[in-house]
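Novice:
In my numbering, the protein residues as written are 229 to 588.
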């Protein structure tokens, strides 16, 4: 589908607006030519940021407690050290996403670590997304490893384990009176999860669909109003989604939101953005289901990252099918965990990619 997104025709104006707001004048070759550098935060307008905006302008900060333990600090443009979530909120972020691992080495992203971060987000009035990986480590398109404690389970036992783990974590959050807006049942499950029994291949979706049903029911048991997300990668590829959701629908699985990841680079960000936004509309019409960009990111020093974010936010907010987007680990800097697609610079200050939240 070739849609004409209104933002592209307004790109020069948006760039000039960002330059005027953030002081990126021609004397230092700022604006769109250098959006990866730190830009000032207008602290006089901090209280006007609408954190209750129904469109999610979120951040996955699951690494935050580990970064803090390793001595990482976060700073406003003026150089004032600031707690990371409070700094994100001051820049227009209104939602936090946190991943959950079952029994991870080191403890980060386990239930207690998630609770600690969720309490901080709740205290700031941030909406919350919980992202269940159903693994002891990363679950993504290349790896959906069964937790060590579940490795000998059959499918029925895995169904029970998914339900029990989901209810356990969400129940602990509810006991703390923490609101949960969205819950991912699996992370980037392009080929299912909990391989091999929950793997989706060809026209075989029964194992994955069974696990999704168990996770969906468990979420609703604890948080009846929370929206359940099924999340895939490559938001620019429509066939990626229609294959999966046609298969899940035929197998009787349920979901409330279709989740996407989008990781372009400088050479293809416009086509990725156009395709992703078009796919959101197409999927909404096909499944009567809204979409969320659960992960987005570009290199921290990208010259196009702020343009990508502006495009997604402006067009996303105009489309009832798009619920919002989450920058993935924006607080990551100085190659923490060898990751270079955060939205803070090498001094621990936010880049203009993240500051688009305060403009749009």
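No residue lacks a Cβ here, since even glycine has one placed at the ideal position from N, Cα and C.
On a predicted model such as this, the values are computed, not experimentally measured, just so you know.
Spatial neighbours of residue 411 within its chain, please: CB distance less than 6 Å, with the 5 preceding and 5 following residues excluded, ordered by chain position.
Specialist: Locating residue 411 in the chain shown gives position 183, counting from the first residue. Correct list, in chain order: 358, 447, 454, 456.
Novice: Excluding five sequence neighbours on each side, which residues of the same chain lie with their C-beta closer than 6 Å to the C-beta of residue 368?
Specialist: For the purposes of this step, residue 368 is taken as the residue at position 140 of the chain shown. If we look at residue 368 and ignore the five residues flanking it on each side, its Cβ neighbours are 416.
Novice: Quick check on the burial criterion: 16 or more other C-beta atoms within 10 angstroms. Buried or exposed for residue 574?
Specialist: For the purposes of this step, residue 574 is taken as residue 346 along the chain shown, with counting starting at 1. Exposed, by the Cβ-count rule.
Novice: Opposite residue 326 in the DSSP bridges: which residues?
Specialist: Looking up residue 326 in the chain shown gives position 98. Answer is 358, bridged to residue 326.
Novice: What do you get for residue 492, buried or exposed, if any count of 16 or more other CB atoms within 10 angstroms of its CB means buried?
Specialist: Working through the chain shown from its first residue, we reach residue 492 at position 264. Residue 492 comes out buried.
Novice: Here's the rule I'm using: 16 or more other beta-carbon atoms within 10 Å means buried, otherwise exposed. How should residue 370 be labelled?
Specialist: Sequence index remark: in the chain shown, residue 370 carries index 142 (1-based). Exposed: under 16 other Cβ atoms inside 10 Å.
Novice: In the DSSP output, which residue or residues are listed as bridge partners for residue 410?
Specialist: Taking the first residue of the chain shown as 1, we reach residue 410 at position 182. Residue 410 pairs with 357, 455.
Novice: Name the one or two DSSP bridge partners that residue 572 has.
Specialist: Residue numbering aside, residue 572 sits at position 344 when the chain shown is read from its first letter. According to DSSP, which records beta bridges pairwise, residue 572 is partnered with 578.
Novice: On the three-state DSSP scale, how would you describe residue 481?
Specialist: Position 253 of the chain shown holds residue 481. It is coil, neither helix nor strand.
Novice: Going by CA-CA distance only, name the one from 571, 542, 580 that's closest to residue 283.
Specialist: As a working note, residue 283 is residue 55 in the chain shown. The residue with the shortest Cα to Cα distance from residue 283 is 542.
Novice: Look up residue 551 in the DSSP assignment and say whether it is helix, strand or coil.
Specialist: Locating residue 551 in the chain shown gives position 323, where the first residue counts as 1. Note: residue 551 maps to strand in three-state DSSP.
Novice: Let me confirm a value: residue 339 is counted as buried when at least 16 other C-beta atoms fall within 10 Å, else exposed. Which label applies?
Specialist: The residue you call residue 339 lines up with position 111 of the chain shown. Counting Cβ neighbours within 10 Å, residue 339 comes out buried, since at least 16 surround it.
Novice: Would you list the residues sitting across from residue 523 in a DSSP beta bridge?
Specialist: Locating residue 523 in the chain shown gives position 295, where the first residue counts as 1. Residue 523 is bridged to 489.
Novice: Please look up how many angstroms separate the CB atoms of residue 525 and residue 497, rounded, as I've assumed it's under 8 Å.
Specialist: Here residue 525 is taken as the residue at index 297 of the chain shown, counted from 1. Here residue 497 is taken as the residue at index 269 of the chain shown, counted from 1. Not a contact, Cβ separation roughly 11 Å.
Novice: Nearest CA to the CA of residue 519: which residue from 388, 588, 483?
Specialist: The residue you call residue 519 lines up with position 291 of the chain shown. Closest by alpha carbon: 483.
Novice: Using beta-carbon positions only, say whether residue 472 and residue 428 come within less than 8 Å of one another.
Specialist: Here residue 472 corresponds to residue number 244 of the chain shown, with the count starting at 1. Here residue 428 corresponds to residue number 200 of the chain shown, with the count starting at 1. Cβ distance < 8 Å, so residue 472 and residue 428 count as in contact.
Novice: Three-state secondary structure (DSSP) at residue 637?
Specialist: Any question about residue 637 goes unanswered here, given that the chain covers just 229 to 588.
Novice: Taking only the alpha-carbon atoms, compute the straight-line gap between residue 433 and residue 476 and give it to the nearest angstrom.
Specialist: The residue given as residue 433 occupies position 205 in the chain shown. The residue given as residue 476 occupies position 248 in the chain shown. Straight-line Cα distance between these residues: approximately 6 Å.
Novice: So what does DSSP say about residue 512, is it helix, strand or coil?
Specialist: To locate residue 512, count along the chain shown from 1; it is residue 284. Here residue 512 sits in helix by DSSP.
Novice: Assign residue 258 to one of three DSSP states: helix, strand, or coil.
Specialist: Reading the chain shown from its first residue, position 30 is the one you call residue 258. With a pLDDT of 30 at residue 258, under the threshold of 50, the predicted position of this residue should be treated as unreliable, and no value is reported.
Novice: Closer than 7 Å: is that where the CB of residue 361 sits relative to any heavy atom of the ligand MN?
Specialist: Absent from the structure shown: the ligand MN. Ligands present: none.
Novice: What residues in its chain sit with their C-beta under 8 Å from that of residue 332, if we drop five residues either side in the sequence?
Specialist: One-based indexing of the chain shown puts residue 332 at position 104. Only 338, 364, 365 meet the Cβ criterion.
Novice: Quick check on the burial criterion: 16 or more other C-beta atoms within 10 angstroms. Buried or exposed for residue 285?
Specialist: As a first step, residue 285 must be located in the chain shown, where it is residue number 57. With 16 or more other Cβ atoms within 10 Å, it is buried.
Novice: Run the CB neighbour count on residue 275, radius 10 Å, all protein chains shown included, and call it buried at 16 or more, exposed below.
Specialist: Taking the first residue of the chain shown as 1, we reach residue 275 at position 47. With a pLDDT of only 33 at residue 275, under the threshold of 50, the placement of this residue in the model should not be trusted; the figure read from the coordinates follows. Burial call: exposed.
Novice: Have a look at residue 291 and residue 300 and give me their C-alpha separation to the nearest angstrom.
Specialist: Taking the chain shown and counting its residues from 1, the one referred to as residue 291 is at position 63. Taking the chain shown and counting its residues from 1, the one referred to as residue 300 is at position 72. Residue 291 and residue 300: Cα-Cα distance of roughly 11 Å.
Novice: In the DSSP assignment, find the unbroken beta strand (DSSP E) run with residue 286 in it and report its ends.
Specialist: Mapped onto the chain shown, residue 286 falls at position 58. Where residue 286 is concerned, the enclosing beta strand (DSSP E) stretches over 284-288.
Novice: Output the distance between the C-alpha atoms of residue 464 and residue 500, rounded to the nearest integer angstrom.
Specialist: Position 236 of the chain shown, counted from the first residue, corresponds to residue 464. Position 272 of the chain shown, counted from the first residue, corresponds to residue 500. Looking at the two C-alpha atoms, the distance is approximately 5 Å.
Novice: Does the Cβ of residue 251 have 16 or more other Cβ atoms within 10 Å, making it buried, or fewer, making it exposed?
Specialist: As a position in the chain shown, residue 251 is number 23, starting the count at 1. For residue 251, the predicted model reports a pLDDT of 36, less than 50, meaning its position is unreliable and no value from the coordinates is stated.
Novice: Between the C-alpha atoms of residue 214 and residue 387, what's the straight-line distance to the nearest angstrom?
Specialist: Since the first residue of the chain shown is 229 and the last is 588, residue 214 is not available in this structure.
Novice: Pick helix, strand or coil for residue 469, following the three-state DSSP scheme.
Specialist: Numbered from 1 along the chain shown, position 241 holds the residue referred to as residue 469. Helix, per DSSP.
Novice: Does DSSP classify residue 342 as helix, strand or coil?
Specialist: As a first step, residue 342 is located in the chain shown; it is residue number 114 there, counting from the start. Here residue 342 sits in helix by DSSP.
Novice: Would you call the CB atoms of residue 360 and residue 414 closer than 8 Å?
Specialist: Counted from its first residue, the chain shown places residue 360 at position 132. Counted from its first residue, the chain shown places residue 414 at position 186. Against a cut-off of 8 Å, the Cβ pair of residue 414 and residue 360 comes out as a contact.
Novice: Helix, strand or coil for residue 372 per DSSP?
Specialist: If you number the chain shown from 1, residue 372 lands on position 144. Looking at residue 372 - three-state DSSP - the assignment turns out to be coil, as it is neither helix nor strand.
Novice: Determine whether the beta carbon atoms of residue 620 and residue 487 lie at a separation below 8 Å.
Specialist: No statement about residue 620 is possible, as the shown extent of the chain runs from 229 to 588 and does not include it.
Novice: Can you tell me whether residue 403 is buried or exposed, with buried defined as 16 or more other CB within 10 angstroms of its CB?
Specialist: Taking the chain shown and counting its residues from 1, one reaches residue 403 at position 175. When all chains shown are included, residue 403 counts as exposed.
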